[in-house]
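In UniProt numbering, the protein residues as written are 1 to 225.
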């Protein structure tokens, strides 16, 4: 699904475990795609407590929930406060440390590595742009599908007004000089998925959209087709 330009860039891609550490530590960043499109990072939201914008997603998690790319753990904490068993997974050391500081259950691991309870999770969450993990939404959703118990669902946040984009990107630090921001930034595989392409991508992954929520933030719930 990656175009030739992105494929060339990906030969120099790095372990994404360290990519987001600086942003999570408080430095200002934005995500720059290889096609030049700039995506803001809602880092402050990641660090804040869950709010009403997260309610639709949280409210649909009725059983054991796995939050992939959990960041500082706001959703894991919010689910635990609601009495829902939840585990966060993230490759960032900074993310894991902040989860532990706020009492969130977390595992320092890649989403594609072996995870606890595979095939027994009632819900898998991909919020805050984490459909981008690995650079291929179909592959990621198939992985999530394999983690689910029978009748389980995936809670997915989409990029408003977007379609599907797959390629490579880097994080530009806005606290550096323009030259340093580019030359010191490693490329990594990434993807964007919006409401204009989610049905097609879900179908390819063996899933179907069973619920939607439109607004400033856009969510869908996916179940096995």
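The C-beta atom is built at its ideal place from N, Cα and C for all residues, glycine as well.
Return yes when the Cβ of residue 192 is within less than 9 Å of the Cβ of residue 154, no when it is not.
no
Taking the continuous beta strand (DSSP E) assigned at residue 158, which residues delimit it?
148-158
Tell me where the alpha helix (DSSP H) around residue 43 begins and ends.
43-47
Should residue 186 and residue 19 be called a contact, given that it needs their Cβ atoms to be closer than 9 Å?
yes
Would you kindly work out how many angstroms separate the C-alpha atoms of residue 189 and residue 35, rounded to a whole number?
13 Å
Relative to the alpha-carbon of residue 53, which residue among 128, 204, 139 and 208 has its alpha-carbon at the smallest distance?
128
What three-state label does DSSP hand residue 105 in the structure shown?
coil
Cutting at 6 Å between CB atoms, please list the residues of its own chain near residue 225, excluding the five before and the five after it.
206, 207 and 208
Taking the DSSP output, what are the residues bridged to residue 62?
None, per the DSSP bridge assignment.
Identify the continuous beta strand (DSSP E) that holds residue 79 and give its terminal residues.
For residue 79, there is no enclosing beta strand (DSSP E); the residue is part of the alpha helix (DSSP H) that begins and ends at 74-81.
From the DSSP output, in three-state form, read off residue 202 for me.
helix
May I ask you to report which of helix, strand or coil DSSP gives residue 33?
strand
Give every residue of the same chain whose Cβ lies closer than 8 Å to the Cβ of residue 157, excluding the five residues on either side of it in the sequence, and list them in chain order.
57, 126, 127, 128, 129, 130, 131, 217, 218 and 219
If you draw a straight line from the alpha carbon of residue 86 to that of residue 147, how long is it in whole angstroms?
Between residue 86 and residue 147, the C-alpha separation is close to 14 Å.
Quick one: what does DSSP say residue 181 is sitting in, helix, strand or coil?
With a pLDDT of only 45 at residue 181, under the threshold of 50, the placement of this residue in the model should not be trusted, and no figure is reported.
CB-CB under 6 Å to residue 63, same chain, minus the five flanking residues each way: which ones, in chain order?
122
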